[in-house]
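As structure tokens, then:
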């Protein structure tokens, strides 16, 4: 026990006192927090919209005034011809334009299907797509108000769990997964490689510390750092970003612990394989990318090709992503959590034993 | 000598303001027709000076001329062989030469003649296609030298060409460089080996950035002429006698040379009238002069040993090796190595690089599992009681291998914990070594930032915290200044007298002299075994030498073994 404590304290010091290690401790979570929560916004605000109104009726005027009232749109640009519309889109004066043809108002008044043309700037496809969906929502809503006679054929979607589709509600719980992954992997990956590179490995191996004391001593610091990072985000989410935590903290930490074990196993595997810190850094980078990309954060797993979807089953981040979002937004019950927890435990058992085996095999 | 090719006046190089300068008012002249030695321990400033001369670094102040011009203006006339990274390890011998020839703009039609001559000169012609990374340490240095010579320079700068090179290759390298001086090339040879200084025509002795001496080596050794004596014919162990004599005021320095002692006295007639031993004057060495300039060696009694527990010998030897063999694939790194080390003695594993001594050493301290054979440390079998065997040994490696980013105190705390000392014992052990090694003022300093001498002390302190009965030392004092080395061996000698068994691997002849028994390992096999005196006598007979030094003994034995192998090979063919 005393030996394990000495080993763990030493690993903590190594982490805190090595300038390179200190940077991996602080900088990546900070950058991720800034980049993901402020820059990588999935929302569109302050765009300009063109309107080419050939019908000049009540219904179109109503829709335009609704547009003008929306906080997403900064300004409505009145257009008077097709040429002006083309000009406005070409010069990127507007990102999208609504076109009401002459028959629009009559069609609404007579209760017939009325169509509004939407021209989107395909060069900015992502933002344009979002604007497009805003526009159709507004048009549908306005149309329903204007035309009393017809039951609106719109599919009104209500987003459960995140009623206002606030991107932060989705981003922050996912961000916890990413931050924990990157920090956990990079810290663990350095531990053995650092000793190899600096020549302290032999000195460590001739002490009476057993392999398990050494491995455990090297795994405890990244585990605690992982818990710490997640806790900071857990506190910041409701306080700073107004993202509610609806689930159980006990279940969240249970999932987090299992995930950290799986992750540390991967990191230790990379570290046992590396001779220098640079190799370990590259190795952890190589491991981080698929873990993050196949977690469902960057793109939904259902949108991936089948073979890739199968691959995501061995990615521990997939399960923890589900647990984190589930505990944050859905107050996920225990049985749903367990379905995600047992694969994590299995993966952790595999990565930890593999890394232990590799560490022993590469000792000589 | 000949004409001056480089001149340096009052050179200062400071890397960090407020820190001790790397070079402090150094002046030197390099002339053609001889070897100028730049001598000093690691960290003395040798590499800095060589790099400044090569135009790779600017001095902070001072005057500097290379062939009458600023350095960097005369690059085509300089051949420079850096300490490391001089060769491209993934290129073959001939590709390396071609690359250097390209850089030096050697005309393609001249190359073949130049390469043939250089490869012949360095005896590397057989290895043209071999990757530089697969050459032995000595061959790499020879190739490095060849690369520096693709275009005959007027000034050849060699930065520690003999480091990591076995004595035979060292001798060959020296002969090559000697030959070059005859062709009007000025050679600067930097080295940490003081015995090489004696062979130079002019020597500049650096220590901590300051020039301690310059001139022909004879001038330095002349100052201690008549004061160096060899002591023989005494009772008891050489260690005990050395301790007693070093504690006297009239003995400046002393070392063990096999079964005799070598002393530097403060007066030619000191020790006159002392009985119990015989003494005879011997020729002084460069190191004697150096150590006197440094103010003499440490006293003989080791406070570490005084505070150490007495080791209870038991009835088994401290270290046993029975037929230790290690194979990596079809390569045999060590074959059938057997020996025993009793408590209270020093055992040396000697051999050139790559001969198998490190492999043997690593098997015994549990870093490698033997393919065949077994061994024990303090009665604990290496295979079945590895943990207990490790707990019984203290380990100190040639390269400083404590945690550089941790403070001295954190390092000591870790090792106390790793060796399972519980709180009270850990605290008293740390207090003890802190006082003995004078670490009190540096407890909060990062170990990596300590001066070399302190690192050495800290490494020893960490190795003996748990008072192990067995010490494993891997080239413990290569590159350190002679005073630090004396200090280290004073402690080791004291510990051995308390019953500690010491296993040391080295290719450093000075360290070999301290051993009670030596086994010489060459090409994975033990080729000789015995006390230093026995080996010397054997070599004297074998090669017809008169009172050979340890180095000559080493070379003679390896050459004899080589000849035997060749004879076997030709008989087989």
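Protein chains in written order, with my numbering: chain A, 1 to 364; chain B, 1001 to 1573. Here a beta-carbon is modelled for each residue, glycine too, at the ideal position from N, C-alpha and C. Computed from a predicted model, the values in this text were never measured in an experiment.
Going by C-alpha positions, residue 1315 of chain B is about 44 angstroms away from residue 271 of chain A.
The contact set of residue 1401 of chain B on chain A, defined by CB atoms closer than 7 angstroms, consists of 199, 200, 202, 203 in chain order.
Between the stretch 1284–1293 of chain B and the stretch 1222–1232 of chain B, the count of Cβ pairs shorter than 8 angstroms is three or higher; the stretches touch. Distance from the CA of residue 215 of chain A to the CA of residue 355 of chain A, rounded to the nearest whole angstrom, comes to 9 angstroms. Closer than 7 angstroms to the CB of residue 2 of chain A there is at least one CB belonging to chain B. For residue 1375 of chain B, the uninterrupted beta strand (DSSP E) segment begins and ends at 1372–1377. Residues of chain A with a Cβ closer than 9 angstroms to the Cβ of residue 1391 of chain B are, in chain order, 207, 208.
Here the alpha carbon of residue 1285 of chain B sits roughly 8 angstroms from the alpha carbon of residue 1195 of chain B.
Three or more Cβ pairs closer than 8 angstroms define a contact, and the stretch 1393–1410 of chain B meets that threshold against the stretch 1432–1447 of chain B. When DSSP reads this structure, residue 1322 of chain B sits in a beta bridge with B/1374.
For residue 8 of chain A, the secondary structure class from DSSP, reduced to helix, strand or coil, is helix. Assigned with DSSP and collapsed to three states, residue 1428 of chain B falls in helix. The beta-carbon distance between residue 1077 of chain B and residue 1067 of chain B, rounded to whole angstroms, is 6 angstroms. This is short enough to meet the 8 angstroms contact definition. In the displayed model, residue 1286 of chain B falls within a helix according to three-state DSSP. Interface criterion met: the Cβ of residue 364 of chain A is under 7 angstroms from a Cβ in chain B.
Distance from the CA atom of residue 1011 of chain B to the CA atom of residue 1258 of chain B, rounded to whole angstroms, is 42 angstroms. Check the Cα spacing between residue 50 of chain A and each of A/315, A/105, A/87: the tightest is with A/87.
Taking residue 1525 of chain B as the centre and dropping the five residues before and after it, the same chain places the C-beta of 1335 closer than 6 angstroms to its C-beta, in chain order.
As computed with DSSP, residue 50 of chain A is found in a beta bridge with A/77, A/97. In this structure, the CA atom of residue 110 of chain A is about 11 angstroms from the CA atom of residue 103 of chain A. The residue from A/101, A/112, A/218, A/96 with its alpha-carbon nearest to that of residue 132 of chain A is A/96. Identification of chain B residues near residue 218 of chain A by a Cβ-Cβ cut-off of 9 angstroms yields none; the smallest Cβ-Cβ distance measures about 13 angstroms. Excluding the 5 residues flanking it on each side, residue 4 of chain A has same chain C-beta neighbours closer than 7 angstroms at 213, 216, 217, in chain order. A straight-line Cα-Cα distance of about 11 angstroms links residue 302 of chain A and residue 294 of chain A.
Taken in chain order, the whole beta strand (DSSP E) runs of length 3 or more contained in the stretch 1008–1049 of chain B are 1023–1031, 1035–1039.
Closest option to residue 1156 of chain B, judged by alpha-carbon separation, among B/1164, B/1097, B/1051: B/1051. When DSSP states are grouped into helix, strand and coil, residue 1358 of chain B belongs to the helix group. Residue 13 of chain A has a beta carbon lying within less than 7 angstroms of a beta carbon in chain B. Straight-line measurement puts the Cα of residue 1122 of chain B at about 8 angstroms from the Cα of residue 1176 of chain B.
Annotation: the continuous alpha helix (DSSP H) that includes residue 1562 of chain B extends over 1550–1572.
The C-alpha of residue 187 of chain A is placed about 11 angstroms away from the C-alpha of residue 224 of chain A. In the DSSP annotation of this structure, the continuous segment of the alpha helix (DSSP H) that includes residue 104 of chain A starts and ends at 104–109. When C-alpha distances from residue 72 of chain A are compared across A/127, A/281, A/359, the shortest belongs to A/127. Annotation for residue 1443 of chain B: no beta strand (DSSP E) segment contains it, and DSSP assigns it neither H nor E. Residue contact check for residue 322 of chain A against chain B: no CB pair falls below 7 angstroms. Per DSSP, residue 20 of chain A is one residue of the alpha helix (DSSP H) stretching across 19–34.
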